[in-house]
Structure formats: structure tokens, C-alpha cells
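S.K.: The structure follows.
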Amino acid sequence: MANDDLAALVRTIPDYPHAGIMFRDITTLLLDGPGFAACTDRMAAAVVTPPDLVAGIEARGFIFGAALAQRLSVGFVLLRKQNKLPGRVTGVNYALEYGTDRIEMHADAVQLGQRVLLVDDLIATGGTALAGVELLRGAGAVVDEAAFVIDLPDLHGAQRLRSAGITVHTLLHFDGD
Ligand code: AMP
Numbered sequence: 368m369a370n371d372d373l374a375a376l377v378r379t380i381p382d383y384p385h386a387g388i389m390f391r392d393i394t395t396l397l398l399d400g401p402g403f404a405a406c407t408d409r410m411a412a413a414v415v416t417p418p419d420l421v422a423g424i425e426a427r428g429f430i431f432g433a434a435l436a437q438r439l440s441v442g443f444v445l446l447r448k449q450n451k452l453p454g455r456v457t458g459v460n461y462a463l464e465y466g467t468d469r470i471e472m473h474a475d476a477v478q479l480g481q482r483v484l485l486v487d488d489l490i491a492t493g494g495t496a497l498a499g500v501e502l503l504r505g506a507g508a509v510v511d512e513a514a515f516v517i518d519l520p521d522l523h524g525a526q527r528l529r530s531a532g533i534t535v536h537t538l539l540h541f542d543g544d
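Quick note on the numbering used here: the sequence shown kicks off at 368 and runs consecutively.
Printed below as a string of C-alpha cells:
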């Protein structure tokens with residue numbers, strides 16, 4: 368596969384955090400300087416239209432999103448877990464396998480009509496990313512591209528994002544998860 372060099376830097380930990388989950392651990396990729404740089408270079412090269420801002424999803428989306436924002440010379444918006452941001456926030460609840468979760472951003476972070484590139488380390492079912500899209504669009508942003516290091520295509524998250532009108536960029540995919 369393309370980007371085999373980067374795939375070799377991702378460590379797979381079986382049965383974490385639950386039995387049956389193959390956890391794709393990007394901390395080993397981050398430890399490799401040239402690999403980390405190549406990863407964000409290739410994510411930046413895939414972007415079709417330069418955004419006004421990059422938005423990263425807590426926590427691993429902050430790492431790749433901030434690096435990408437630097438590459439693109441644009442600002443960075445934090446999409447955080449509930450009750451972490453100090454200012455006035457807007458938030459979206461979303462369903463997990465068991466229960467619900469919530470992500471929030473500062474209500475004044477994005478200006479009406481700004482183009483925002485959404486970034487996370489991995490897309491699985493797409494629930495987290497779609498909540499991010501809803502949050503950003505609800506604040507008046509235009510979200511039509513998203514970038515992830517890893518896609519788990521069997522969980523159809525990238526397809527769900529495409530159905531929401533978003534061009535999805537991924538470097539690696541792991542099948543059968
Ligand atoms: P989802 O909302 O199902 O698309 O899940 C995406 C979020 O959960 C991302 O923030 C990922 O970091 C994390 N995630 C889900 N599945 C895995 C996995 N197999 N390995 C590592 N991270 C995962």
C-alpha cells in the first residue's frame with residue numbers, strides 16, 4: 368500500500384481498551400522524527416483548498432492538527448472533551464457504543480464562513496468526526512475537507528463523512544477491524 372513506510376511505524380495493540388479491539392497506536396510513529404514529518408507533509412499535500420483554520424479533535428487530533436496548521440500557516444481550533452475549555456463554549460453530544468460523549472469548542476473561535484479543515488488521528492465509525500463537523504457547521508464554518516492518518520474502512524466512517532459532503536483524506540488503512 369502507499370505509505371507503507373508510515374504503516375510500519377504504527378503499533379497494533381490487540382484487545383485495548385476492550386477485548387476484540389485492535390488499537391492502532393500512533394505514539395510509535397510520533398517517536399520517529401522523519402516519519403512524523405513525512406506524515407504531516409503528506410497530509411498537507413493532500414489538502415485540496417487551503418483552509419482558514421485547522422480544527423483538531425482531542426487528544427491525538429491536536430498533535431497532527433497543530434502540525435498541519437503550522438505547515439499550512441493557518442490558525443488552530445481545539446475541539447475538546449466536555450468542561451475543559453475556560454471560555455464560553457458551544458457543544459455537541461454524540462453516541463458511543465455505550466452511552467454518549469460531548470465535544471465542545473469556544474463559541475467565538477470560528478467566524479461565519481471560515482473554511483475549516485477537520486483533523487484527527489483515526490476515523491473508525493465516524494461518530495466523533497461527524498460531531499466535530501456538526502459543531503463547526505453550527506458555528507457557521509464551512510467544512511468540506513477532513514484529514515486522518517488512519518482509516519478503518521470496515522467501520523464506514525469515511526463514507527459517512529463523504530455522505531455529509533466532505534472530501535476525506537487518509538494516509539493509511541487497516542482492513543478487517
Ligand atoms: P469513531 O468516532 O468511531 O470514528 O472513533 C474515532 C476516535 O476514536 C478517534 O479519536 C480515534 O483516536 C479513536 N479510535 C477508534 N478506534 C480506534 C482504534 N482501533 N485504534 C485507535 N484509536 C481508535
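Beta carbons are placed, not taken as given, at the ideal position from N, Cα and C, and that holds for glycine.
(1) Could you spell out the range, first to last residue, of the beta strand (DSSP E) harbouring G432?
(2) Under the three-state reduction of DSSP, which class applies to A496: helix, strand or coil?
(3) Could you tell me whether the Cβ atoms of L538 and V516 are closer together than 8 Å?
(4) How is the alpha helix (DSSP H) around T395 delimited, first residue to last?
(5) Just reading off the alpha helix (DSSP H) that G387 is part of, what are its end residues?
(6) Verify whether the separation of the beta carbon atoms of I546 and V510 is less than 8 Å.
(7) Excluding five sequence neighbours on each side, which residues of the same chain lie with their C-beta closer than 7 Å to the C-beta of D382?
(8) Counting pairs of Cβ atoms below 8 Å between the region 429-445 and the region 457-465, do you hit three or more?
(9) Any idea which residues DSSP pairs M472 with across the strands?
(10) Measuring CA to CA, which of A531, T492, D475 and G499 is closest to P520?
(11) Does the pairing of the region 472-491 with the region 402-419 give three or more beta-carbon distances under 8 Å?
(12) Taking a contact to mean a Cβ-Cβ separation below 8 Å, would you say E512 touches H536 in this structure?
(13) Considering only residues of the same chain and omitting the five flanking positions on each side of L373, which have a CB-CB separation below 7 Å?
(14) Whose C-beta lies closer than 6 Å to the C-beta of N370 among residues of the same chain, with five residues either side of it excluded?
(15) In whole angstroms, give me the CA-to-CA distance for A433 and V421.
(16) I believe H473 touches G454 by the beta-carbon criterion, under 8 Å. Please report the beta-carbon distance rounded to the nearest angstrom.
(17) Smallest Cα separation from I424: which of R378, G543, D468 and D542?
M.R.: Concretely, from the data shown:
(1) For the purposes of this step, residue 432 is taken as the residue at position 65 of the sequence shown. Segment R427 to L439 is the alpha helix (DSSP H) holding G432; no beta strand (DSSP E) there.
(2) On the sequence shown, residue 496 is found 129 positions in, with the first residue counted as 1. In the structure shown, A496 sits in a helix (DSSP, three-state: H, G or I).
(3) For this step, residue 538 is matched to residue 171 along the sequence shown. For this step, residue 516 is matched to residue 149 along the sequence shown. Contact annotation: L538 and V516 have beta-carbon atoms nearer than 8 Å.
(4) What you label residue 395 is simply residue 28 of the sequence shown in a count that begins at 1. T394 to L397 is the span of the alpha helix (DSSP H), which, as asked, contains T395.
(5) For the purposes of this step, residue 387 is taken as residue 20 along the sequence shown, with counting starting at 1. For G387, no alpha helix (DSSP H) segment is defined, and its DSSP state is neither H nor E.
(6) Nothing about residue 546 can be reported from this structure: the residues present for the chain run from 368 to 544 only.
(7) Position 15 of the sequence shown, counted from the start, is the residue given in the question as residue 382. I388.
(8) At 8 Å Cβ cutoff, the stretches do not touch.
(9) The residue labelled residue 472 in the question sits at position 105 within the sequence shown. Answer is T457.
(10) As a first step, residue 520 is located in the sequence shown; it is residue number 153 there, counting from the start. Minimum Cα distance to P520 is reached at T492.
(11) Result yes; three or more Cβ-Cβ pairs closer than 8 Å.
(12) Translated into positions along the sequence shown, residue 512 becomes position 145. Translated into positions along the sequence shown, residue 536 becomes position 169. Closer than 8 Å, so yes.
(13) As a first step, residue 373 is located in the sequence shown; it is residue number 6 there, counting from the start. In its chain, beyond the 5 residues on either side, L396, G402, A405, C406, L538 and L539 have a beta carbon closer than 7 Å to the beta carbon of L373.
(14) Against the sequence shown, residue 370 aligns to sequence position 3. Hits under 6 Å: L538 and L539.
(15) The residue you call residue 433 lines up with position 66 of the sequence shown. The residue you call residue 421 lines up with position 54 of the sequence shown. Those two C-alpha atoms are separated by around 8 Å.
(16) What you label residue 473 is simply residue 106 of the sequence shown in a count that begins at 1. What you label residue 454 is simply residue 87 of the sequence shown in a count that begins at 1. Indeed they touch by this definition, with Cβ atoms about 5 Å apart.
(17) Indexing the sequence shown from 1 puts residue 424 at position 57. Distance check between I424 and each of R378, G543, D468 and D542 places D468 closest, using alpha-carbon atoms only.
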